[in-house]
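Enquirer: Please see the structure below; I have some questions.
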Amino acid sequence: MRYLKSVIALLLLAFVAWSLYGAVMPVETYLFRMVHMGFIFALVFLVHPSFKKAGTWGRGLDVFLAALGVATIVFALWDMDKFIRRSTLPDPADFFMGVAAIILLVEISRRVVGNTFTYVLIGFLLYSYFGNYMPGPFAHKGYDLDRIVGHMYMTLEGIFGVPLSVSVSFVTLFVVYGTFMDAAGAGAFWMELSLAIMGRSSSSAGRGAVITTALLGGPQGSGVATTMSVSPVMWPILKKAGYTPNMAAGLIAAGGIGAVISPPLMGAAAFLIMQFLDVAFWDVVIMVIAPTLLYYLGTFFVVEMEARKYRFAPPDATGKTAWMVMRTRGHHLISLIVLVALLGIGRSPASSAIWAIVTTVITSFISRDRKEWLTPRKIIFAAMEGAANMLPVAALLAAAGMIVGTFSLTGLGLKISSLIMSLSGGHTIPALFLALVASMVVGLSLPITATYIMTVVMVAPALVKVGVPDHVAHMLAFYFAVLSEVSPPVGLSPSAAAAVTGGNPFGAMMHSWKYSLPAFLVPFLFSSSLLGANLLIIG
0 MRYLKSVIAL LLLAFVAWSL YGAVMPVETY LFRMVHMGFI FALVFLVHPS
50 FKKAGTWGRG LDVFLAALGV ATIVFALWDM DKFIRRSTLP DPADFFMGVA
100 AIILLVEISR RVVGNTFTYV LIGFLLYSYF GNYMPGPFAH KGYDLDRIVG
150 HMYMTLEGIF GVPLSVSVSF VTLFVVYGTF MDAAGAGAFW MELSLAIMGR
200 SSSSAGRGAV ITTALLGGPQ GSGVATTMSV SPVMWPILKK AGYTPNMAAG
250 LIAAGGIGAV ISPPLMGAAA FLIMQFLDVA FWDVVIMVIA PTLLYYLGTF
300 FVVEMEARKY RFAPPDATGK TAWMVMRTRG HHLISLIVLV ALLGIGRSPA
350 SSAIWAIVTT VITSFISRDR KEWLTPRKII FAAMEGAANM LPVAALLAAA
400 GMIVGTFSLT GLGLKISSLI MSLSGGHTIP ALFLALVASM VVGLSLPITA
450 TYIMTVVMVA PALVKVGVPD HVAHMLAFYF AVLSEVSPPV GLSPSAAAAV
500 TGGNPFGAMM HSWKYSLPAF LVPFLFSSSL LGANLLIIG
């Protein structure tokens with residue numbers, strides 16, 4: 000175990016390098032995704048040990064599991080053409096390796112995604128086998144283990160499906176871009192800028208919290224991550240203004256989830272929309288502009304009304320104007336402008352992310368603070384941090400591939416769509432309400448990306464059948480998934496913020512739900528009229 004840290008460091012760098020290579024050179028689909036999965040197997044078991052205080056035997060177990068995971072990928076790649084052709088009738092070696100890969104992926108989910116998602120994943124796998132025992136509309140003929148293993152391990156419908164493609168092709172590079180910006184001091188820039196422009200009225204502290212999450216969350220693209228980044232800075236300001244711990248946690252969380260729908264970086268789910276709809280990433284950016292504006296306008300409205308009711312104290316002056324902040328730190332915007340411009344002229348997201356990373360490195364030397372310069376050493380550490388941050392997302396997307404595989408194997412999506420059609424009577428508004436309820440249930444303790452994947456395969460076909468345009472149906476599934484993160488009884492972002500403010504998690508959820516309540520009406524606006532649907536197309 001002496002050289003394990005060095006091995007992990009090299010694997011983290013190779014993990015990023017593989018996505019960079021695939022972005023600039025043509026790579027066969029199976030090969031591109033399988034090698035990415037091999038890195039996930041190797042790194043998750045090594046970076047996230049089985050026991051926090053495990054001794055030599057514990058680390059030995061992790062190394063063995065990592066090696067077994069890599070072996071399942073090497074086996075598949077050894078004679079890939081024949082391997083693919085055997086997917087409908089796996090031989091004993093295929094079956095053994097497939098079972099090992101599935102079990103290892105379940106364990107990876109438990110380690111880095113969470114127990115709830117792991118239980119859901121196991122439930123879907125069991126449904127594939129025991130479907131003939133299910134009641135009524137959810138029943139199917141049931142599939143033997145050979146067919147399930149072949150579908151999940153040997154085709155592009157399971158582990159190596161669309162979610163994993165999104166992971167290796169897009170999300171990895173955008174996560175790395177976010178860590179490069181953070182290493183260059185962009186986080187401090189967003190904080191200073193939002194504090195400088197929030198003003199000196201009773202609602203300024205609340206507006207400042209929302210603005211901060213919007214500015215910081217754009218590059219991060221994660222609701223919980225943004226909430227945890229903003230909470231330590233904004234909580235003292237909100238507390239001094241008169242906000243209670245629950246109110247502050249709820250407000251920060253409500254702003255934080257807006258980060259996931261804030262262009263240009265909107266989390267992994269945005270890239271899944273692009274893949275599922277087969278549209279350019281810029282088209283997805285345009286589609287989220289109107290919902291994002293309406294979301295933040297609704298939040299600002301509630302903040303303003305609450306400030307008038309409680310007469311919060313204005314925040315202290317920071318001594319810096321927005322112009323002063325822009326003059327000293329405005330160079331952090333350059334890479335973001337490059338990213339948006341490249342996406343706007345039709346460059347691929349991967350290529351745009353690479354150029355944005357390069358721009359971040361170059362512009363870091365404009366900073367007066369030498370600690371923000373991205374020297375070769377800092378570049379290496381930023382790349383390693385980006386790869387490490389990517390592991391939970393990559394594991395989630397790989398595991399979600401098996402959930403999507405269950406839907407494609409069993410036809411579960413069509414069954415649920417038929418049920419929604421039956422209960423709604425073919426009417427749009429009842430169907431939307433049922434879709435929202437389904438998303439809220441699915442989103443209990445699940446990350447936004449997993450909620451979106453499950454929601455879109457369950458309810459999008461039904462929404463299309465009742466007359467909702469395809470792109471609107473996918474955006475609604477995305478929007479519902481985002482809102483589920485602040486909805487009681489289990490809201491991940493409010494719970495995270497409450498841990499910082501010292502509030503009660505459920506109380507924070509109720510306040511967060513209150514701040515984002517106007518946003519729950521937005522999906523009905525976009526789907527109940529032609530004007531609303533067109534707004535998603537023209538932005």
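Just so it is clear: in the sequence shown, position 21 is 20 by numbering that gives the first Met the number 0, and no numbers are missing.
Backbone N, C-alpha and C define an ideal beta-carbon position, used for all residues, glycine too.
Predicted model, so just to flag it, every value in this text is computed and none were measured.
Where does P391 sit, in a helix, a strand or coil, going by DSSP?
Expert: P391 falls in the helix class under three-state DSSP.
Enquirer: Could you tell me whether the stretch 506-513 touches the stretch 265-272, where touching means 3 or more Cβ pairs closer than 8 Å?
Expert: Segments in contact, no.
Enquirer: Let me make sure I understand the geometry here. Which of F479, L30, A393, V471 has the alpha-carbon closest to that of G442?
Expert: Comparing Cα-Cα distances from G442 to each of F479, L30, A393, V471, the minimum goes to F479.
Enquirer: R328 to G59, Cα distance in whole Å?
Expert: Computed Cα separation, rounded: 47 Å.
Enquirer: Secondary structure at L88, three-state DSSP: helix, strand or coil?
Expert: DSSP places L88 in coil when its eight states are reduced to three.
Enquirer: Which stretch, first to last residue, makes up the alpha helix (DSSP H) that contains D469?
Expert: From DSSP, the alpha helix (DSSP H) with D469 extends over 469-482.
Enquirer: At a cut-off of 6 Å, would you count A430 as near the ligand SAH, judging by its Cβ distance to the nearest heavy atom?
Expert: In the structure shown, the ligand SAH is absent, as is every other ligand, since no ligand is present at all.
Enquirer: Output needed for L396: all residues of its chain with C-beta closer than 8 Å, excluding positions within five of it in sequence on either side, in chain order.
Expert: Only P162, L163, V165, S166, V170, A267, T448 meet the Cβ criterion.
Enquirer: Please state if the CB of V148 and the CB of F94 are separated by a distance shorter than 7 Å.
Expert: Closer than 7 Å, so yes.
Enquirer: What would DSSP say about V283, mapped onto helix, strand or coil?
Expert: In this structure, V283 counts as helix in the three-state DSSP scheme.
Enquirer: What three-state label does DSSP hand D277 in the structure shown?
Expert: DSSP places D277 in coil when its eight states are reduced to three.
Enquirer: Please say whether I210 and V229 have beta carbons closer to each other than 7 Å?
Expert: Contact: no.
Enquirer: From G97 to S127, what distance separates their C-alpha atoms?
Expert: Taking the straight line from one Cα to the other gives about 15 Å.
Enquirer: Look at the Cβ atom of A8, then the Cβ atom of L172, and state whether they are nearer than 7 Å.
Expert: Result no, Cβ atoms of A8 and L172 do not sit closer than 7 Å.
Enquirer: So, under 8 Å CB-CB, I356 and Y176 are touching, yes? Tell me the CB distance rounded to an integer number of Å.
Expert: Correct: roughly 5 Å between the Cβ atoms.
Enquirer: Count the C-beta pairs between the stretch 28-42 and the stretch 380-400 that are closer than 8 Å, then say yes if the count reaches three, no if not.
Expert: Flag = yes, the stretch 28-42 and the stretch 380-400 touch.
Enquirer: Are the CB atoms of S5 and G255 nearer to each other than 7 Å?
Expert: Not closer than 7 Å, so no.
Enquirer: Among the candidates M233, S202, I402, A195, whose CA atom is the shortest distance from the CA of K319?
Expert: Answer by Cα proximity: A195.
Enquirer: Could you compute how far the alpha carbon of M151 sits from the alpha carbon of K308?
Expert: Looking at the two C-alpha atoms, the distance is approximately 55 Å.
Enquirer: Look up N533 in the DSSP assignment and say whether it is helix, strand or coil.
Expert: Only weak support is given to the placement of N533: the predicted model assigns it a pLDDT of 49, under 50, and the value that follows is read from those uncertain coordinates. Here N533 sits in helix by DSSP.
Enquirer: I need the straight-line Cα distance from V465 to A434, nearest angstrom please.
Expert: Looking at the two C-alpha atoms, the distance is approximately 12 Å.
Enquirer: Do F123 and I379 count as a contact pair if the criterion is CB distance below 7 Å?
Expert: Not a contact, by the Cβ cut-off of 7 Å.
Enquirer: If I measure Cβ to Cβ from A185 and keep anything under 6 Å in the same chain, skipping five residues before and after, which residues do I get?
Expert: Here the set comprises H331.
Enquirer: Following the continuous alpha helix (DSSP H) through W512, name the residue where it begins and the one where it ends.
Expert: Unbroken alpha helix (DSSP H) run through W512: 504-514.
Enquirer: For the alpha helix (DSSP H) containing A496, list its first residue and its last residue.
Expert: First-last of the alpha helix (DSSP H) with A496: 491-500.
Enquirer: Look at the Cβ atom of I415, then the Cβ atom of M457, and state whether they are nearer than 7 Å.
Expert: In contact: I415 and M457 (Cβ atoms closer than 7 Å).
Enquirer: In angstroms, rounded to a whole number, what distance separates the CA positions of L19 and S347?
Expert: The straight-line gap from Cα to Cα measures roughly 13 Å.
Enquirer: Along the chain, where does the alpha helix (DSSP H) containing T171 start, and where does it finish?
Expert: Element bounds for T171: 171-182.
Enquirer: Going by C-alpha to C-alpha distance, which of V119, T28, A22, T71 sits closest to G539?
Expert: In this structure the chain extends from 0 to 538, so residue 539 is not present and cannot be described.
Enquirer: For I158, which three-state DSSP category applies?
Expert: Coil.
Enquirer: Please report the distance separating the alpha-carbon of T358 from that of L411.
Expert: The straight-line gap from Cα to Cα measures roughly 45 Å.
Enquirer: Could you check if N114 is buried or exposed, using at least 16 other CB atoms within 10 Å of its CB as the buried criterion?
Expert: With fewer than 16 other Cβ atoms within 10 Å, it is exposed.
Enquirer: Are the stretch 501-508 and the stretch 233-245 in contact at 8 Å, needing three or more beta carbon pairs?
Expert: Yes: the two stretches touch, three or more of their Cβ pairs being nearer than 8 Å.
Enquirer: Measuring alpha carbon to alpha carbon, tell me which of L30, G400, R367 ends up nearest I83.
Expert: The shortest Cα separation from I83 among L30, G400, R367 belongs to L30.
Enquirer: By how many angstroms is the C-alpha of A382 removed from the C-alpha of W372?
Expert: When rounded, the distance between both Cα atoms is 15 Å.
Enquirer: If I measure Cβ to Cβ from S366 and keep anything under 6 Å in the same chain, skipping five residues before and after, which residues do I get?
Expert: Result list for S366: empty, nothing under 6 Å.
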